[in-house]
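Enquirer: Quick one: this structure, given as structure tokens, is what I'll be asking you about.
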Amino acid sequence: MDLEILHCGSCEEIKMGVHAAALGLAVVMGIYNAAAWLRRREQHLAVNAILYLALTAWERQHVAHHLAELRRPRQPASDTPPLPEPTLTSLAA
554 MDLEILHCGS CEEIKMGVHA AALGLAVVMG IYNAAAWLRR REQHLAVNAI
604 LYLALTAWER QHVAHHLAEL RRPRQPASDT PPLPEPTLTS LAA
């Protein structure tokens, strides 16, 4: 199976959006579980808060990776001719 989205450098906006949504959910669920643990002191809430904290770090790294991929300069395709270098006469015009 050769889907375009599976290639590095393609559909980065979509990939980043998915990971950003997961990051947002992890943050909200982590805050809820931490607040609930502070109120009720149930062990599973503390475990959940720690797991969501780890997931937050994981998703943050994914978002940063996709953002860096979007900012990376692209090489022109081999079938397109290179742009001409600007000259003094073309800059004065």
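For the sequence shown, this note's numbering assigns the number 554 to the initial residue and increments by one for each residue that follows.
Virtual Cβ for every residue (Gly too), placed ideally from N, Cα, C.
Since we're looking at a predicted model, the values are computed, not measured.
Please classify R624: does DSSP put it in a helix, a strand, or coil?
Expert: Here the question's residue 624 lines up with position 71 in the sequence shown. R624 falls in the helix class under three-state DSSP.
Enquirer: For V571 and L591, I'd like the C-alpha separation in whole angstroms.
Expert: Numbered from 1 along the sequence shown, position 18 holds the residue referred to as residue 571. Numbered from 1 along the sequence shown, position 38 holds the residue referred to as residue 591. Taking the straight line from one Cα to the other gives about 30 Å.
Enquirer: Using the C-alpha atoms, what's the distance from G562 back to K568?
Expert: On the sequence shown, residue 568 is found 15 positions in, with the first residue counted as 1. On the sequence shown, residue 562 is found 9 positions in, with the first residue counted as 1. Between K568 and G562, the C-alpha separation is close to 10 Å.
Enquirer: Between which two residues does the alpha helix (DSSP H) carrying I567 extend?
Expert: In the sequence shown, the residue the question calls residue 567 occupies position 14. Taken as a continuous stretch (DSSP letters only), the alpha helix (DSSP H) holding I567 covers E565 to R593.
Enquirer: Can you name, in chain order, every residue of its own chain whose Cβ lies under 7 Å from the Cβ of G583, other than the five neighbours on each side?
Expert: Indexing the sequence shown from 1 puts residue 583 at position 30. Excluding residues within five positions, the ones whose Cβ falls inside 7 Å are A602, Y605, L606 and T609.
Enquirer: Can you give the Cα-Cα distance for R625 and L556, rounded to whole angstroms?
Expert: Residue 625 sits at position 72 when you count from the first residue of the sequence shown. Residue 556 sits at position 3 when you count from the first residue of the sequence shown. Whole-angstrom Cα-Cα distance: 22 Å.
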